[in-house]
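First up is the structure itself, then whatever we jot down about it.
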Amino acid sequence: MSVAETETVKQNLYEGMFLVDSAQFANDPEATAAAIMAILERAGATVVAHRPWQDGKLAYEIEGRRKGLHYVVCFRMPGDGVNVVTRQSQLSEIVLRQIVIRHTPELFNAMVDVLNGVAEATAAIPDGIVLGPDGGSF
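Each residue of the sequence shown is one higher than the last, beginning at 3 in our numbering.
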């Protein structure tokens, strides 16, 4: 393949939940968000929406921290980028834990609408999605 030729790579739709230290986020939210965006950029992701989600006491201590903030990001990325996100998150001093979930287009669009404040969380969830007692899907 020549340099001028490009290969089209399928972009999957993902939601990433990154757990970060609450105190660190409170002191410098822009730097914390930038560190998460840098991890996703290294993996070839295109961020569609992001925001802090939930801040509170952790169920158990993680790396000496008792409070954490969940930062949610919706993004497009090739499938092989998931391993890069996982590895970069493990190497990061900012991210304590992370999870990446692949979404259907309907659920992805609903999540983006909620993150952007376009729709309420319950109104944006497509039919057939079952919500747990805390509002999260099973």
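Virtual Cβ for every residue (Gly too), placed ideally from N, Cα, C. Computed from a predicted structure; not experimentally measured.
- In the structure shown, residue 14 falls within a strand segment according to DSSP collapsed to helix, strand and coil.
- Taking C-beta atoms under 8 Å as the contact rule, residue 18 and residue 75 qualify, at a distance of about 5 Å.
- Restricting attention to 79, 91, 108, 110, the CA atom closest to the CA of residue 101 is found in 91.
- Judged by DSSP in its simplified three-state form, residue 34 adopts helix.
- Here residue 42 is not near residue 107, since their CB atoms are 8 Å or more apart.
- Per DSSP, reduced to three states, the secondary structure at residue 64 is strand.
- Where residue 86 is concerned, the enclosing alpha helix (DSSP H) starts and stops at 83–93.
- Rounded to whole angstroms, the separation of the alpha carbons of residue 40 and residue 22 is 15 Å.
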